[in-house]
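Enquirer: To start, I am sharing the structure in question, which I have written as structure tokens.
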Amino acid sequence: MNILTVAMAMLVSATACGDDSSIDDTPRPADNGNNSEIVADNAATIYTTTADGSMRLEKSTSAIFSGNNMAPSTILLDKSKTYQSMDGFGFAITYSTCYNLLKMDAQERADFLRQTYSPSEGYGVSYARISIGCNDFSSTEYTLCDEKGLENFRLYSDETDYVIPILKEILAINPDIKIIAAPWTCPKWMKVGDIEKKTAYDKWTGGRLNPDYRADYAEYFVKFVKAMKAEGINIYAVTPQNEPLNQANCASLYMPWQEETPFVAELAKAFKSNNINTKIYVFDHNYNYDNIADQNDYPLNVYNALGDEFEGSELVVGAAYHDYGGSNNELSDIHSKAEDMELIFSESSIGTWNDGRNLSKRLMEDMRNVTLGTVNQWCKTVLVWNLMLDENMGPNLDGGCQTCYGAVDISADYKTITKNSHYYVISHMSTVVRPDAVRIGTGERTVSKNGLVYSVFQNADGSFAAIVLNSGDEDLLLTISDGEKHFNVTSPAQSVVSCNWK
Amino acid sequence: MQRQLFNILSSMFLSALLAVSCNDDDYKNITKNGEPTANAEGITTAVMGSQLSFSVNCSDNSGIELSTLKAELLFSGEVVDQTIQRTAENGNYQVSLNVPFLRYIPDGEAIVRLSLTNVTTKVGVNDIKVNVERPHFDNLQFVSADGNKVAMSEVSPHLYSGKFTTSETAFKGHFETADGEWIFGTDGTEITLGGSGNLAFQCENPGEIVVTFNTCTYSYSPNDEIAIAPLLFSEDDNIITRQMVKGRQYFISGNVANDWFVDGDFFENDGDGVYTFLAENGTYTLTAYSNYKYLQIYPGTHDAPSTLQKDGTGAIWVIGGTGINKPSLTASNNQDWWTNIEYVQSLAQIEPKVYRITLTVGEQLSATSVNFKFFGQAGWGIEFKGLGGEYNLSCESETFGIGDGNNGHDNGNIFLKDGATLTEGDTYTFTIDLTEGVDKGKLIVKKGAAAKNIDLVDKEAVVSTLKKGTTYAFGGDATNDMIVDHDFFKDNGDGTYTFLCINGDYAIKAYTSYNYIQVYPVDKEGKAATLQKDGTGAIWIIGSDCINKPLLTSSNNQGWNTDIQSTQCLAPISDKIYRITLTVGEQLSATGVNFKFFGQSGWGIEFNGLGGDYHLDINDNDDFRINAAESDNGNIFLNDGATLNEGDTFTFTIDLTEGVANGKLTIEKQ
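Sequence lines, in order, name chains L and Y. The opening residue of the first sequence carries number 118 in my numbering; numbering runs sequentially from there. The opening residue of the second sequence carries number 10 in my numbering; numbering runs sequentially from there.
Okay, here's the thing in structure tokens:
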């Protein structure tokens with residue numbers, strides 16, 4: 118090497134634009150200024166998603182410290198304040214979702230499902246919703262007993278060829294997943310146009326359950342639960358009717374509380390007499406009861422009308438809500454009036470109407486309203502609509518939702534998955550909040566900042582979880598403390614951060 | 010040659026540096042060199058709330074010039090103070106950091122981080138552990154609002170206690186060291202170090218009480234749970250910010266007297282200074298304006314009044330011309346479209362996302378000059394439009410309209426519709442419902458105050474707790490053509506009635522056969538009240554068929570009958586004062602007047618005109634007399650020669666405030 122070469126090397130070195138070393142690459146002390154004792158072999162696991170998409174469930178760790186926590190910006194957990202225990206978080210597994218998943222390469226599908234449902238290798242999604250018969254995202258309108266007479270009950274190809282195979286794949290990954298099921302319509306031969314005159318009603322949309330067939334329809338549920346059980350699929354809960362006040366949709370059944378009440382009594386009795394312990398959640402519709410005056414506080418009317426001295430009363434555990442009308446404040450209102458009854462959130466969708474593929478908008482709103490906003494108002498479960506739709510929002514049925522997006526979109530070649538806000542908001546909860554976790558409170562010391570919303574939990578294994586939404590415009594350095602240990606976490610502006618630690 | 014080569018190399022290197030200086034991106038490529046080192050000695054302890062000043066020795070033994078010294082103070086990894094200064098040369102630099110005194114923060118080991126950067130951007134970091142402690146005070150005092158000072162001693166770490174004597178269940182004060190260096194009070198929202206506002210204390214048992222304050226948690230006592238929470242105002246201390254609870258009772262005292270206007274959209278007057286809070290739970294600020302006797306209430310704090318949120322929660326405010334104002338149109342805060350908090354009106358959020366303001370024509374609302382607008386804050390910014398906009402209102406009122414910019418009224422401004430007239434004394438409620446979204450707001454205007462409904466059953470006494478000034482409507486077997494006892498209720502003309510008597514339990518009884526709603530007070534057992542020896546209870550009239558409500562011609566007019574439907578109960582209009590109003594030809598005969606006041610709706614206690622334990626004296630009256638003789642003692646008769654004219658109305662008021670044996674009967678012709 119001659120001296121000119123050295124000189125050129127110096128010149129190149131001094132001016133190279135490709136040098137990506139940081140301005141300040143000086144190593145920081147191991148404790149980053151947190152001068153409490155580091156708890157050996159323990160670190161908090163942190164997942165971060167930012168609204169700008171630069172971080173998407175990005176995993177990191179933060180050292181855990183013991184000793185005095187002096188940080189002013191602290192979220193202090195208070196185990197003495199306990200709220201509801203959690204059942205889980207998840208997506209609807211519709212025919213359309215399964216159709217798309219089955220179009221994928223088997224290994225790629227397995228990878229996606231493992232990432233989504235595995236508690237150890239993925240985000241631990243813990244709950245699923247399916248329909249009893251058709252829904253907006255089925256291959257066609259059908260029930261499980263289209264021909265009159267319950268002896269004609271059978272599972273349809275949507276179940277046998279699509280939903281059940283996918284559920285089996287999911288259960289192989291996460292055997293503890295809970296499943297809730299709801300019908301969009303009863304068989305048409307059970308429908309009437311008017312419950313007084315009992316005029317026949319031969320349409321998928323609208324109509325009412327003929328009171329004479331309440332017992333048969335309850336038996337239809339029993340047959341469904343047993344048929345799924347025979348496939349190795351346990352139905353954890355049902356609702357008597359999806360959106361009972363919705364008289365539109367591709368398939369529906371109008372079931373005001375006055376009519377759901379006697380059916381729930383029949384259903385509970387039928388489950389009880391068949392030794393089925395599937396839970397029953399009433400209502401399953403919007404916060405505003407579709408502005409029908411005499412349907413206000415629908416679940417309370419059902420509870421009051423039922424009383425508690427009927428067969429199988431222990432199976433009627435609470436109410437389910439959707440968010441297509443009204444405010445989630447209704448959850449607190451209903452809880453305050455029926456504190457012993459459970460609440461779950463069973464459906465929300467993104468779509469063209471709410472800029473559903475715009476993560477920068479939806480992540481903040483959906484985290485605030487769909488997950489934290491429901492969990493902080495007593496919901497044990499949060500479910501959103503389709504797990505996967507194709508890039509054209511399908512496949513879907515005429516009359517059903519043709520403007521809905523899935524939690525993830527799959528490309529036309531069934532290769533590329535694009536995750537939307539609903540995938541992130543569910544995963545941010547499920548990945549740190551395990552089934553049977555208990556929501557707990559926070560201490561007075563907890564920092565209060567505009568745009569900061571959070572939920573904190575203690576899992577059954579004693580570990581803690583915190584999910585923090587920062588919809589403000591500034592990054593925040595927070596300290597999260599369980600009262601004994603604490604750690605630092607950066608909550609970027611417009612982000613969601615989930616933390617899990619022991 | 011070597012020298013020449015060195016020159017070439019030097020010039021090339023300089024060229025490189027020059028290139029760096031010309032391009033922002035290239036400064037990253039400066040080669041970090043040297044060993045910048047910052048050291049400080051003797052900073053092992055610090056006290057919260059003080060300055061930590063020390064000297065930092067900065068050097069770079071490689072001879073490279075220094076650039077900047079950054080000193081940071083970290084509490085558990087969080088920077089709580091920092092300073093940056095230029096450091097060109099090796100040497101000692103003086104640094105001063107604020108050690109914050111913050112609520113809840115425990116004593117502990119903080120870090121002073123010294124980051125010294127040289128001109129090559131090489132950074133040397135030195136973390137120094139510092140024990141930080143909260144100070145202990147030997148001269149802390151409780152200073153009451155009226156200036157009394159009580160010494161406090163530290164009874165456990167950071168918990169101070171002192172004895173204070175008070176005769177009130179509610180009092181105010183703050184904590185302050187004797188040298189005035191440390192003051193703990195409210196900043197209008199919360200207790201802070203340096204807050205100059207007085208804190209509110211409550212004690213169940215006044216006398217010598219213990220006052221405590223914790224300088225770490227800022228908790229203080231006494232804050233006894235008092236069933237009726239006191240709100241104490243004074244001329245100098247006229248603003249209270251408090252967490253208010255819907256349905257909870259508050260005792261408003263101090264300089265806010267009975268004749269003040271206490272915003273009825275937020276508070277229902279329960280009498281005797283007690284009010285029930287009507288709005289949704291939350292932080293509210295109450296301001297007592299003594300110059301025009303107005304207790305204003307609005308959500309939020311004085312510094313940060315609540316604003317409307319996109320989900321419909323928060324607050325709605327009215328800003329308008331001089332045709333709208335609380336407490337009254339004539340108050341000095343009625344200013345044309347002014348936006349300061351004193352001049353705007355906050356609606357009460359009566360249900361989540363449902364807001365209400367109540368205005369009486371001639372008092373808070375002009376009969377002729379209606380022009381105001383609903384806003385999302387107590388100033389300009391978010392405003393509700395009648396047409397378009399992110400915040401929108403629709404209204405189906407036949408009396409009031411919303412301007413849309415095309416109908417002759419500014420977009421969003423509320424106006425009186427052509428042909429509509431307002432009558433002095435009529436009350437209107439303006440309710441904004443945002444439950445369907447801020448872009449689908451509904452403005453519902455109703456004549457009459459918001460009424461509480463009471464369902465009545467024919468001939469059955471329905472017992473209700475009634476509150477003076479509260480508006481009621483009657484349902485069930487009640488019909489619109491029924492006459493409601495006008496001494497107990499003012500007929501608002503819109504199917505609602507405002508209660509006129511003292512708060513208490515009353516029986517309300519509908520009689521469908523003669524279209525009457527009778528009202529009378531009841532005792533704790535729900536039975537018709539009787540007169541007590543202290544003058545409380547009830548006074549009843551039993552008489553000939555010369556007197557009867559609702560009308561002389563009604564079928565319940567049974568001379569000297571003591572059944573409750575045939576007797577007349579006087580309205581207890583204030584403590585121990587009772588009144589009945591009778592119109593000649595309707596409830597009172599023009600001739601043959603003969604009735605008597607009793608202590609029950611039957612025989613027993615009766616008021617005499619001559620002697621007796623229950624005695625009435627009558628004012629000088631041309632028309633009536635109370636018989637002061639052994640016979641018919643106490644009966645009310647017409648004076649000899651007196652004549653009554655059909656349509657004349659007389660009020661009979663009995664005042665027992667000086668005892669039942671010294672009752673005064675005042676009869677006035679209206």
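Using N, Cα and C, we set each Cβ at its ideal position, and we do this for glycine too.
For the segment 399 to 412 of chain Y, enumerate the residues whose C-beta is nearer than 9 Å to any C-beta of chain L, in chain order.
Expert: The segment 399 to 412 of chain Y vs chain L, Cβ under 9 Å: nothing.
Enquirer: For the segment 76 to 98 of chain Y, which residues have a beta carbon sitting closer than 9 Å to at least one beta carbon of chain L?
Expert: So the list reads GLU81, LEU83, PHE84, SER85, GLY86, GLU87, VAL88, VAL89, given in the order they occur along the chain.
Enquirer: Spell out whether any CB of chain L is found under 7 Å from the CB atom of Y/LEU125.
Expert: Y/LEU125 does not count as touching chain L.
Enquirer: Please list the residues of the segment 341 to 372 of chain Y that have a C-beta atom closer than 9 Å to any C-beta atom in chain L, keeping them in chain order.
Expert: Taking 9 Å as the Cβ-Cβ cut-off against chain L, the residues of the segment 341 to 372 of chain Y that qualify are PRO361, LYS362.
Enquirer: Terminal residues of the continuous beta strand (DSSP E) containing L/ILE247?
Expert: 244 to 249 is the span of the beta strand (DSSP E), which, as asked, contains L/ILE247.
Enquirer: Quick check: the Cα distance between Y/GLU87 and Y/LEU374, rounded to an integer number of angstroms?
Expert: The straight-line gap from Cα to Cα measures roughly 54 Å.
Enquirer: What does DSSP give as the partner residue(s) for Y/ASN570 in the beta ladder?
Expert: None, per the DSSP bridge assignment.
Enquirer: Check distances from the C-beta atoms of the segment 169 to 185 of chain L to those of chain Y and list, in chain order, the residues that come in under 8 Å.
Expert: Those residues of the segment 169 to 185 of chain L that come within reach of chain Y (Cβ to Cβ, closer than 8 Å) are PHE182, GLY184, ASN185.
Enquirer: Within 10 Å of its beta-carbon, does Y/LYS558 have 16 or more other beta-carbons around it, so buried, or fewer, so exposed?
Expert: Y/LYS558 comes out buried.
Enquirer: Between Y/ILE114 and chain L, is the shortest Cβ-Cβ distance under 7 Å, so that the two count as touching?
Expert: It does: the Cβ of Y/ILE114 has a partner Cβ on chain L nearer than 7 Å.
Enquirer: Below 8 Å on C-beta distance, what does Y/THR444 contact in chain L?
Expert: Residues of chain L passing the Cβ test: ASN405, GLY443, SER444.
Enquirer: Name the chain L residues whose beta carbon is nearer than 7 Å to that of Y/ASN287?
Expert: The identity of residue 287 of chain Y in the sequence shown is Leu, whereas the question assumes Asn. Result: empty, since nearest Cβ-Cβ is about 17 Å, beyond 7 Å.
Enquirer: Rounded C-beta distance between L/MET307 and L/TYR334? I'm assuming under 8 Å.
Expert: Between L/TYR334 and L/MET307 the Cβ distance is about 6 Å, and since that is below 8 Å, they are a contact.
Enquirer: In chain L, which residues lie with their C-beta within 9 Å of the C-beta of Y/ASP532?
Expert: Simply none; closest approach about 33 Å.
Enquirer: Just the chain Y side, please: which residues come within less than 9 Å of L/LEU594 by C-beta, in chain order?
Expert: Chain Y residues near L/LEU594: GLY86, GLU87, VAL88.
Enquirer: For the segment 179 to 189 of chain Y against the segment 135 to 144 of chain Y, do three or more pairs of beta-carbon atoms, one drawn from each stretch, fall closer than 8 Å, so that the two count as touching?
Expert: The segment 179 to 189 of chain Y is not in contact with the segment 135 to 144 of chain Y.
Enquirer: Got a sec: is the Cβ-Cβ distance from L/THR143 to anything in chain Y below 7 Å?
Expert: Note that L/THR143 has pLDDT 35, beneath the 50 cutoff, so the model's placement of it is unreliable and the number below is only indicative. Yes, L/THR143 lies at the interface with chain Y (some Cβ there is under 7 Å from its Cβ).
Enquirer: By DSSP, does Y/MET253 sit in helix, in strand, or in coil?
Expert: DSSP places Y/MET253 in strand when its eight states are reduced to three.
Enquirer: Give every residue of the same chain whose Cβ lies closer than 8 Å to the Cβ of Y/ASP448, excluding the five residues on either side of it in the sequence, and list them in chain order.
Expert: Excluding sequence neighbours, Y/ASP448 sits near GLY398, GLU399, TYR400, ASN401.
Enquirer: Can you give the Cα-Cα distance for Y/ASN636 and Y/ASP649, rounded to whole angstroms?
Expert: Roughly 12 Å between the two C-alpha positions.
Enquirer: Express the C-alpha separation of L/ALA298 and Y/GLN91 in angstroms, rounding to a whole number.
Expert: Straight-line Cα distance between these residues: approximately 57 Å.
Enquirer: For Y/LYS96, which option in Y/ASP272, Y/GLU81, Y/ASN66 has the closest C-alpha, if you only look at C-alpha atoms?
Expert: According to the sequence displayed, residue 96 of chain Y carries Thr and not Lys. Measuring from the Cα of Y/THR96, the nearest candidate turns out to be Y/ASN66.
Enquirer: What did DSSP end up calling L/ARG331 once you bin it into helix, strand or coil?
Expert: Looking at L/ARG331 - three-state DSSP - the assignment turns out to be helix.
Enquirer: Between the Cα of Y/SER575 and the Cα atoms of Y/LYS585, Y/GLY546, Y/SER564, which residue gives the shortest distance?
Expert: Out of Y/LYS585, Y/GLY546, Y/SER564, Y/SER564 has the C-alpha closest to the C-alpha of Y/SER575.
Enquirer: So that I know if they touch, is there some Cβ in chain L lying closer than 7 Å to that of Y/LEU111?
Expert: Cβ-Cβ to chain L under 7 Å: yes for Y/LEU111.
Enquirer: With a Cβ-Cβ cutoff of 7 Å, do Y/TYR437 and Y/LYS451 count as a contact?
Expert: Not a contact, by the Cβ cut-off of 7 Å.
Enquirer: Is the Cβ-Cβ distance between Y/ASP69 and Y/LEU78 less than 7 Å?
Expert: Their beta carbons are not under 7 Å apart, which means Y/ASP69 does not touch Y/LEU78 by this criterion.
Enquirer: Note down, in chain order, all residues in the segment 581 to 605 of chain L with a beta-carbon under 8 Å from any beta-carbon belonging to chain Y.
Expert: Answer in chain order: LEU594, THR596, HIS603, ASN605.
Enquirer: Can you find a C-beta in chain Y that's less than 7 Å from the C-beta of L/SER190?
Expert: At least one chain Y Cβ lies under 7 Å of L/SER190.
Enquirer: State the beta-bridge partners of L/ASN403 as determined by DSSP.
Expert: Note: L/ASN403 sits in a beta bridge opposite L/HIS439.
Enquirer: What does the Cβ neighbour count give for L/SER547, buried or exposed, with the cut at 16 atoms within 10 Å?
Expert: Classification for L/SER547: buried.
Enquirer: Which residue spans inside the segment 142 to 172 of chain Y form an unbroken beta strand (DSSP E) run of at least 3?
Expert: The qualifying runs are 149 to 153, 158 to 160, 162 to 165.
Enquirer: Just to confirm, are Y/ILE526 and Y/ALA516 a CB contact at a threshold of 7 Å?
Expert: Going by C-beta atoms, Y/ILE526 is not nearer than 7 Å to Y/ALA516.
Enquirer: Mind checking if L/ARG562 is an interface residue toward chain Y, Cβ cutoff 7 Å exclusive?
Expert: Interface residue, yes.
Enquirer: Counting along the chain, where does the beta strand (DSSP E) carrying Y/ASP514 start and finish?
Expert: Counting along the chain, the beta strand (DSSP E) containing Y/ASP514 begins and ends at 513 to 520.
Enquirer: Quick one: measure Cβ to Cβ for Y/TYR481 and Y/TYR506, integer angstroms, because I've assumed they're closer than 8 Å.
Expert: That pair is a contact at about 5 Å.
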